[in-house]
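Have a look at the structure below before the remarks.
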Amino acid sequence: MRIKLWSAAFGGILALSNLAPAQDAPPTNIDLSTFPAAAVQEVVVPVPSEIFNVLDKLGTPNWHAEFRPTLGRNTGSRPQVALLLGTVIADGFIAVEAQDVPRVEDVGRQVLKLSQAINVEAAVKERCNAIVDQAKKGNWPAVRKELDGALSKVREAMTELNDEDLAQLVSLGGWLRGTEVLTSIVIKDYRADAAELLYQPELLNYFIRRIDQMPSRLRKEDLVSQIRKTLDRIRPLIGKQDGSNIPLKNVERIHQMTQESVNEITAEQN
Amino acid sequence: MRKLLAFLFLLTGAALSHATVNDSLSFAYEGAAPYVKQGFAFREDAWGGDLGEKDQQAVSAQLFKGNEYWFITGTDSRTATVTVHVYDSAGKLVEQKYWQKGRFSGSYVVPPKTGSYWAIVTVEKSPKERTGWALVYGFK
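Line by line, the protein sequences give chains A and B. Residue numbers are given in the numbering used here: position 33 of the first sequence equals residue 33, and the series is strictly consecutive. Residue numbers are given in the numbering used here: position 56 of the second sequence equals residue 56, and the series is strictly consecutive.
See the structure below:
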């Protein structure tokens, strides 16, 4: 269980006294521009299930075609392992969509192996076992829930180890692999409502901010700095406002960039 | 000695705060239980803290068109009223349903567009100086 805590005791309160207090009928409009800047810094990173849930409703993509030949290898660099772990968990969701038990087992094993490399194995072992058990039973909604839970557990354990930056890289790795797959699916059957799923400006800004706040030794790691540049290049391609139409050519460019990043993370070409 | 006292104060304050939020979180999940039965998957991440009366807290979330969402708050204070309402990035109220009862409140959103939304939590009234609150959300 992870809770984002705002408390006066921690000096992190973000009380917004400038907003009209909600009564029985809340105000129908509020002025978000008057929020204190600090209030916008904590963005809720969506769990992959939220996106896959929408994709389920949009059609039945060929999920097996989205598998990659390898789940990648550990190069010994902790940032790379954290990013790779995020991509592997995202692959777990693809395996769930494809209802492919052997692939889910591969993902479960790889998650454990990578978690061990960054000292969070104990936190996710139970989840990984549950992922495989539920997949064998064909209980796919439960596998999805366990995968969401594994991601939370990994991040929570890393935060407890004062590895908050690495925890962010896990999320970022998952986002990059998830976006690579999402764009691949959208490209194969382009629809504006499916492309709209890519409109995630606050999330991109959040990841960019988090990288910028990392210690310089981490920020300057080749892989991290490359990804930082990629995020900058993706930002103008995802539309300017809620509901923006994201054209096919932009989806294709985002796909190419995220694919390159995932390949770098996977380290097969390094 | 003064440093030690300050440290102990911080520790005590932190512990109280955590206890308050943990209790509030339990209530938030209790408030969410009926929606779990309706097929909503509630995230394991949660948000919370403590606020004074009439104070508000904004939580920014990326929501996806095509999903339905329930945002649920809980509070550790039996007589406090804590609410949650959801706005889009232009500051327009977007919730389709809203309720508040006892320790719980809920806001139901079917996002008209994919984008950034704001859940605004308010301590409307409370007998306490600081009121613990927790927010969870689920989707289907």
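Think of the CB as a built atom: it goes at the ideal place given N, C-alpha and C, for glycine as much as any other residue. Computed from a prediction, not measured in an experiment: that's the story for all the values here.
Specify the secondary structure class of residue i as computed by DSSP and reduced to three states.
| i | result |
| --- | --- |
| Ala267(A) | coil |
| Asn74(A) | coil |
| Ile246(A) | coil |
| Asp171(B) | As shown, chain B starts at 1 and ends at 140. That puts residue 171(B) outside it, with no answer to give. |
| Tyr35(B) | helix |
| Gln100(B) | strand |
| Ala117(A) | helix |
| Leu161(A) | coil |
| Thr75(B) | strand |
| Asp133(A) | helix |
| Glu30(B) | helix |
| Ile30(A) | coil |
| Asp45(B) | strand |
| Lys229(A) | helix |
| Asp88(B) | strand |
| Gln259(A) | helix |
Taking the alpha carbon of residue i as the point to measure from, which residue in the options has its own alpha carbon closest?
| i | options | result |
| --- | --- | --- |
| Lys188(A) | Leu85(A), Gln241(A), Asn62(A) | Asn62(A) |
| Arg233(A) | Arg217(A), Glu260(A), Gln213(A), Leu218(A) | Glu260(A) |
| Leu218(A) | Gln168(A), Ala150(A), Thr183(A) | Gln168(A) |
| Asp165(A) | Thr70(A), Gln80(A), Glu50(A) | Gln80(A) |
| Gly239(A) | Lys145(A), Asp193(A), Gln256(A), Leu71(A) | Asp193(A) |
| Ser89(B) | Ala32(B), Gly48(B), Trp118(B) | Trp118(B) |
| Ser171(A) | Asn162(A), Leu182(A), Met158(A), Thr183(A) | Met158(A) |
| His85(B) | Val109(B), Gly102(B), Glu68(B) | Val109(B) |
| Ile211(A) | Leu203(A), Leu198(A), Arg228(A) | Arg228(A) |
| Pro112(B) | Glu68(B), Lys54(B), Thr79(B) | Glu68(B) |
| Gly76(A) | Ser115(A), Leu248(A), Ile51(A), Asn245(A) | Ser115(A) |
| Glu66(A) | Thr87(A), Val54(A), Glu50(A), Val47(A) | Thr87(A) |
| Ala135(A) | Asp106(A), Val47(A), Phe52(A), Arg253(A) | Asp106(A) |
Taking its Cβ as the centre, do 16 or more other Cβ atoms sit within 10 Å of residue i, making it buried, or is it exposed?
| i | result |
| --- | --- |
| Trp99(B) | exposed |
| Gly92(A) | buried |
| Gln110(A) | buried |
| Lys153(A) | buried |
| His255(A) | buried |
| Pro201(A) | buried |
| Gly138(A) | exposed |
| Glu30(B) | exposed |
If you draw a straight line from the C-alpha of residue i to the C-alpha of residue j, how long is it?
| i | j | result |
| --- | --- | --- |
| Thr73(B) | Ile120(B) | 11 Å |
| Ala142(A) | Leu237(A) | 35 Å |
| Arg155(A) | Val44(A) | 14 Å |
| Gln96(B) | Ser107(B) | 8 Å |
| Ala44(B) | Leu223(A) | It should be pointed out that residue 44(B) corresponds to Glu in this sequence rather than to Ala. Using only the alpha carbons, I get a separation of about 30 Å. |
| Lys57(A) | Val262(A) | 26 Å |
| Val251(A) | Gly174(A) | 18 Å |
| Gly59(A) | Val186(A) | 11 Å |
| Asp31(A) | Asp55(B) | 16 Å |
| Ser116(B) | Ser126(B) | 30 Å |
| Glu146(A) | Val59(B) | 25 Å |
| Leu161(A) | Glu129(B) | 33 Å |
| Gly102(B) | Phe71(B) | 16 Å |
| Asn119(A) | Tyr87(B) | 40 Å |
| Gly132(B) | Ser77(B) | 7 Å |
| Tyr35(B) | Ala90(A) | 26 Å |
| Lys125(A) | Glu221(A) | 29 Å |
Give me the Cβ distance between residue i and residue j, rounded to the nearest whole Å; I'm assuming they're in contact under 8 Å.
| i | j | result |
| --- | --- | --- |
| Tyr75(B) | Glu124(B) | Contrary to the premise, residue 75(B) reads as Thr rather than Tyr in this sequence. With a Cβ gap of about 10 Å, Thr75(B) and Glu124(B) do not count as contacting. |
| Ala150(A) | Cys128(A) | 7 Å |
| Ala267(A) | Arg73(A) | 5 Å |
| Phe40(B) | Phe139(B) | 6 Å |
| Ala134(B) | Leu51(B) | At roughly 11 Å, the Cβ-Cβ gap does not stay under 8 Å, so Ala134(B) and Leu51(B) are not in contact. |
| Asp148(A) | Ser49(A) | 5 Å |
| Leu198(A) | Ile265(A) | Leu198(A) to Ile265(A), Cβ: 20 Å. No contact. |
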